[in-house]
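Taking the UniProt record's numbering, the leading residue of the sequence shown gets 1, the next gets one more, and so forth. Positions of the beta carbon are idealized from the N, C-alpha and C atoms, including for glycine.
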Amino acid sequence: MGAIISRFRKEKTTYALLETLEEKIADLETYTITTQERQKRFVGNFLVVSIVLYVLASLVFYFVFLPPTWNERIIHSLPLLICPMIITLVKKGLAWFFERKVIGNTEELKALRAEKKKILEKVMDKETYKVAVDILNKFGDKSQRTQTQSLSAMTPMKGPQPMPMTPKGPGPIRPQVPQSAPGPQQQMTPMGPGRQMIATPIGFNMRQQTPMMQQQQQQQQSGLIHRPVGMMPQQTMPYRRTPYPIINHNQKGMLEKMVDYLVGDGANSRFAMICKECLMHNGMALQEEYEYAAFRCAFCGAFNPSKKQRPLAPRLPFEQAQLDKMLREKRGSTSSAADSEPSSAAEDSNSAEADAASTPEDATAPPAEDLPQDAEEAEQDPQLEDCTDDNEIASRKALRNCLPPLSDLVMSKLSYRRELVPSDPAQAPVLIVGQTGHLKELPFERVRCKLEPRVSAEIFEQAKSVLHPAPTDSCSLYLDLAKLAVLPTKASRHNSESRGHALTKLVQTHTSGVSESIVVVCDKENLFASGCAVARAFPLYSRKTSKAENGVTSAESVAVDVEFLLTGDDCVTKQDVLVLESAAKGIRLAAKIVDAPCSEMNVSGFLKEIDVVAKELKLTPKVIRGEELKEQGFGGIYGVGKASDDPPALAVLSYEPEGATETVAWVGKGIVYDTGGLSIKGKTAMPGMKRDCGGAAAILGAFYAAVKCGFKQNLHAVFCLAENSVGPKATRPDDIHRLYSGQTVEINNTDAEGRLVLSDGVCYADRNLKAGIILDMATLTGAQGIATGKYHGAILTNSEQWEQKALIVGRKTADLLAPVPYCPELHFCEFKSAVADMKNSVMDRGNAQVSCAGLFVGAHLGFDYEGAWMHVDMASPVHNGERATGYGVALLLGLFGEHSGADLLKRVAEAAAVGGTVKEPQHKKARVN
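Below, the structure is given as structure tokens:
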């Protein structure tokens, strides 16, 4: 019986007492927070209700019970004046009531913590070592846990040990207690409010150990070295940071919070990229990027995979037969290259040294052989970085190796189709591209025939949901064979709604180099511009020598199908397809002429291209060439090109259908190469001057497409062809030429030659062809890129009506334009000459160079010309990087679409007719004396 009674009278253990105290402390802390929240809620509700009732009572008193006299009003309004004081007193009373509870709770909490501290201070004397360590690890504060870790590291070694070394000299002798280096013990560290225990080793060292430190540690474990206590303090594990943004949002100012709320791109919307291995900070990422971002830590080098992956179709195995064939071809090409490598080793080394000396690359970049293998693979194919399946990596590598070189794209056969043709992405890759709104409304049923059986409806819908254009975006639906791309969502008033430049870039980026399909999702308004934009992505010209096994360029079998899905109830007609194919051929023809070097595309080569177009259209070109130009008075063309071995020429293509009532003439500058003449260009300015025939090339491509689409008026294309060379017969500065207009020009800059040939061309169009509308197009001035930029050509015209129309058509076709001033009375004086009618270059190069150059051409037509004259300077838009763009073809087709028999071109012209209704008074076209 006594044993039973003693069991009930038994004192609680220290562990149980501390658990009870911990629970009470947690309850009191929770109660304090709850009381403070209740205080805020009560006071807030009381203030809101009181103010509302006070306002209502004031309104009722004013409109219902307001006495007629002022004395009665003051007496009756006293309760309303007393109410705010009553509200304030009640508020203070509530605050006092709750604060009294919080103060009492705080005092009780302080007493419990003091009791807990008192127990923990005596725990080392009352309990055993093991129990005391466990209690301190669980209930102790940070300083006590650190002390416990140091105590844990002082475990004495077992077995006989040699006598410790003691220091000599005066002073107290400290006992040296030898210790071993046992394995890391486990301590229980509380994490979070739920007090979940996470086992971490005591004395865990976060520093990377050097070989010397590892050797000393092994010697300590074997008993060869004994570390005295206090000589080398045990390092503790640093505080483990949590992956949260490093910015304290409570310390932000009101302006920063407003920016975060309005812009949505501040620190409040960013998350820290924390390495899972070393917990180091690797920058910040937006919320939409954080889930899908994978990164390699800059501190420890560990790879951190993304938390989520963009939706992909199930990874189907690559067709084995095709894969084996591709691998055999790859091994055969590798072995043949290895056989020929020894004989050319010295030559390769010399060429490598020459390339290294001439290539302006960053000198700090590591060589390719020093890069790790995974980095090299990531450079070759960034999509392999997030791929973990070995089979999938092998399939992607094999697919990448089987694709033909990029040079083969230049010979792709481009075809436009009205409807989608069923195909398998594994056999014919597909790219679906459109604007965000159009893609979101696109049901899977409309593209099922292009994606099944590789892509399901669920994958397609998920892919649409993750696209966030900034300004563009893309998502893979099935390996690299089916992709979804989105165009920018916004277009300013001087840009094209079709975003043709972005569409061209997307197609160039995601094209696979094999026979494929490109599905463009757009509306009928942007059908023409989108079709032309795709054509710009597939240039024709190349002289790269990559060959297939049979010796024929593999690109000859590459066929690219461009298919359209229109929004709403619109559909693509057969006539629309004819227009798009004709425009695409014209764009690619113009780009080919511009890309070809002068060794191939000289004056004779250009005339051959004119002959090819004339034969296809069943026309006969008129050509005036060489000395015949001089005899007939074309002093501008002859003077520019007489120094070349290939004589200059004026060529004319004329299309005169029955029933025509108007005559339109297009004049193009065709300087096949511009050295600058005796005013020669420098070594950095001369490369690329093969593009100086871009105006004539665009005229030829547009003429072909316009006739193919059924032009209903008389149309003439005038080509002013010459090569501005240096030689004994070259024009000298100070020479004077008489142009076809009869006016004389003093040459003060032989590098300003384009205006000379154009002047003969426009005068011929007026005098011989009797054209009522004349448009000349030229890569005339380098100042055009400064004035209107790389994407907008400059237009100068004597007609405000045609200027407005041209600007709108430029936006409708993505061949953008921007106006420059037409003011001959202020600008033409720059060409004043003392010995001739004019000079060919301005005196002040800071006075509207683009306008002045165009006015020089217009002066030989006459500023009193009764018809409409337009001058388009497209020196910068003619190319993008090293490739020609075919600029001008779509612009001309849309600008004169009202004379076409194609509804698609008429639609473009009708849209521009709304903005082109301004008529200019005739007296503004008068000749300037």
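Exercise. So, is Trp96 buried or exposed, given that buried needs 16 or more other C-beta atoms within 10 angstroms?
Worked result: Position 96 of the sequence shown, counted from the first residue, corresponds to residue 96. Trp96 comes out exposed.
Problem set entry | C-alpha gap between His510 and Met280, whole angstroms | Sequence index remark: in the sequence shown, residue 510 carries index 510 (1-based). Sequence index remark: in the sequence shown, residue 280 carries index 280 (1-based). The straight-line gap from Cα to Cα measures roughly 36 Å.
For this session: Closer than 8 Å by C-beta to Lys116: which residues in its own chain qualify, once you throw out the five before and the five after it? Chain order, please.
Result: Stepping through the sequence shown from its first residue, residue 116 is reached at position 116. Leu18, Leu21, Glu22, Ile25 and Phe139.
Problem set entry | Within 8 Å, strictly: CB atoms of Leu750 and Val850 | For this step, residue 750 is matched to residue 750 along the sequence shown. For this step, residue 850 is matched to residue 850 along the sequence shown. It should be noted that the sequence gives Thr, not Leu, for residue 750. Not closer than 8 Å, so no.
For this session: Out of Ser306, Ala482 and Val562, point me to the one whose CA is closest to Ser415's CA.
Result: By 1-based counting over the sequence shown, the position of residue 415 is 415. When only C-alpha atoms are compared, the closest one is Val562.
Exercise. Do you know how far the Cα of Arg543 is from the Cα of Lys690?
Worked result: Locating residue 690 in the sequence shown gives position 690, counting from the first residue. Locating residue 543 in the sequence shown gives position 543, counting from the first residue. Going from the Cα of Lys690 to the Cα of Arg543 covers about 15 Å.
For this session: To the nearest angstrom, report how far apart Pro453 and Pro429 are at their CA atoms.
Result: Sequence index remark: in the sequence shown, residue 453 carries index 453 (1-based). Sequence index remark: in the sequence shown, residue 429 carries index 429 (1-based). Cα to Cα, Pro453 sits roughly 13 Å from Pro429.
Problem set entry | Neighbour flag for Val726 against chain C, beta carbons, 8 Å | Among the chains of the structure shown, chain C does not appear; only one protein chain is present.
For this session: Any chance you could list the beta strand (DSSP E) runs of at least 3 consecutive residues sitting entirely within the region 693-750, in chain order?
Result: Listed in chain order, they are 714-724, 736-738 and 744-746.
Problem set entry | Residues bridged to Ser423 [DSSP beta-bridge criterion] | Here residue 423 refers to the residue found at position 423 of the sequence shown. Beta-bridge partners of Ser423 (DSSP): none assigned.
Exercise. Can you find at least 3 beta carbon pairs, one from the region 657-670 and one from the region 705-720, that sit closer than 8 Å?
Worked result: Remark: three or more beta-carbon pairs, one from each stretch, lie closer than 8 Å, so the region 657-670 and the region 705-720 are flagged as touching.
Problem set entry | CA nearest to the CA of Val421, picked from Glu882, Phe42, Ile747 and Ser517 | Sequence index remark: in the sequence shown, residue 421 carries index 421 (1-based). Nearest of Glu882, Phe42, Ile747 and Ser517 to Val421, Cα basis: Ser517.
Exercise. Roughly how many angstroms lie between the CA atoms of Ala426 and Arg448, to the nearest whole one?
Worked result: By 1-based counting over the sequence shown, the position of residue 426 is 426. By 1-based counting over the sequence shown, the position of residue 448 is 448. Rounded to the nearest angstrom, the two C-alpha atoms are 14 Å apart.
Exercise. In terms of alpha-carbon separation, which member of Val878, Asp844, Ala818 and Glu803 lies closest to Met870?
Worked result: Counting from one through the sequence shown, the residue named residue 870 turns up at place 870. Considering only alpha carbons, the answer is Glu803.
Problem set entry | Cβ-based burial, Ile103 [other Cβ within 10 Å; buried from 16] | On the sequence shown, position 103 is the one that residue 103 refers to. Exposed: under 16 other Cβ atoms inside 10 Å.
Exercise. Where in the region 819-869 do unbroken runs of the alpha helix (DSSP H), each at least 4 residues long, occur, reported from the N-terminal end onward?
Worked result: Runs found: 824-827 and 849-861.
For this session: Kindly indicate which three-state DSSP category Tyr764 falls into: helix, strand or coil?
Result: Looking up residue 764 in the sequence shown gives position 764. When secondary structure is reduced to three states using DSSP, Tyr764 falls in the helix class.
For this session: Enumerate in chain order the residues of its own chain whose CB-to-CB distance from Lys770 is below 7 Å, with the five nearest sequence positions on each side excluded.
Result: Along the sequence shown, one-based indexing puts residue 770 at 770. Around Lys770: Thr663.
Exercise. So is the beta-carbon of Leu442 under 7 Å away from any non-hydrogen atom of the ligand PLP?
Worked result: Absence of the ligand PLP from the depicted structure is noted, as is the absence of any ligand whatsoever, leaving it without description.
Exercise. From this set, Tyr704, Glu631 and Phe606, which residue's C-alpha is nearest Phe719's C-alpha?
Worked result: Numbered from its first residue, the sequence shown carries residue 719 at position 719. For Phe719, the closest C-alpha among the options Tyr704, Glu631 and Phe606 is that of Phe606.
For this session: Return the CA-CA distance between Ala457 and Val757, expressed in angstroms with no decimal places.
Result: If you number the sequence shown from 1, residue 457 lands on position 457. If you number the sequence shown from 1, residue 757 lands on position 757. Cα to Cα, Ala457 sits roughly 59 Å from Val757.
Problem set entry | Residues that DSSP places opposite His879 in a beta bridge | Numbered from its first residue, the sequence shown carries residue 879 at position 879. Note: His879 sits in a beta bridge opposite Ala884.
Problem set entry | Beta-carbon proximity check, Ala491 vs Gly531, cutoff 8 Å | Here residue 491 refers to the residue found at position 491 when the sequence shown is read from its first residue. Here residue 531 refers to the residue found at position 531 when the sequence shown is read from its first residue. No Cβ-Cβ contact shorter than 8 Å links Ala491 with Gly531.
Problem set entry | Three-state secondary structure assigned by DSSP to Thr509 | On the sequence shown, position 509 is the one that residue 509 refers to. Here Thr509 sits in helix by DSSP.
Problem set entry | Unbroken alpha helix (DSSP H) run spanning Cys532, endpoints | One-based indexing of the sequence shown puts residue 532 at position 532. Unbroken alpha helix (DSSP H) run through Cys532: Leu527 to Arg536.
Problem set entry | Proximity of Val672 and Leu629 at Cβ, strictly below 8 Å | Along the sequence shown, read from residue 1 onward, the residue named residue 672 stands at position 672. Along the sequence shown, read from residue 1 onward, the residue named residue 629 stands at position 629. No, Cβ-Cβ distance for Val672 and Leu629 is not below 8 Å.
Exercise. What first and last residue would you give for the alpha helix (DSSP H) that runs through Arg625?
Worked result: On the sequence shown, residue 625 is found 625 positions in, with the first residue counted as 1. DSSP places Arg625 outside any alpha helix (DSSP H); the residue lies instead in the beta strand (DSSP E), whose first and last residues are Lys622 to Arg625.
For this session: Determine the DSSP secondary structure at Lys592, reduced to helix, strand or coil.
Result: Taking the sequence shown and counting its residues from 1, the one referred to as residue 592 is at position 592. Note: Lys592 maps to helix in three-state DSSP.
For this session: From the DSSP output, in three-state form, read off Asn495 for me.
Result: Against the sequence shown, residue 495 aligns to sequence position 495. If DSSP states are grouped into helix, strand and coil, Asn495 belongs with coil.
Problem set entry | Bridge partner(s) assigned by DSSP for Lys669 | To locate residue 669, count along the sequence shown from 1; it is residue 669. Assignment of beta-bridge partners to Lys669 by DSSP yields Cys720.
Exercise. In the structure shown, what three-state DSSP assignment does Cys449 receive?
Worked result: Taking the first residue of the sequence shown as position 1, residue 449 is located at position 449. Correct three-state label for Cys449: helix.
Exercise. In the DSSP assignment, what residue or residues form a beta bridge with Ala485?
Worked result: Residue 485 sits at position 485 when you count from the first residue of the sequence shown. Per DSSP, the beta bridge partners of Ala485 are Val433 and Ser474.
Exercise. Going by C-alpha distance, which of Leu826, Gly881, Leu506 and Lys524 is nearest Ala535?
Worked result: As a working note, residue 535 is residue 535 in the sequence shown. Out of Leu826, Gly881, Leu506 and Lys524, Leu506 has the C-alpha closest to the C-alpha of Ala535.
For this session: Have a look at Ser644 and Gly635 and give me their C-alpha separation to the nearest angstrom.
Result: Start at 1 with the first residue of the sequence shown, and residue 644 comes out as number 644. Start at 1 with the first residue of the sequence shown, and residue 635 comes out as number 635. Ser644 and Gly635: Cα-Cα distance of roughly 15 Å.
Exercise. When we look at the beta-carbon of Asn71 and count the other beta-carbons within 10 Å, is it buried (16 or more) or exposed?
Worked result: Residue 71 sits at position 71 when you count from the first residue of the sequence shown. So Asn71 counts as exposed.
Problem set entry | Start-end ranges of the beta strand (DSSP E) lying completely within the region 36-69, minimum 3 residues | Unbroken beta strand (DSSP E) runs of no fewer than 3 residues, entirely contained in the region 36-69, are not found.
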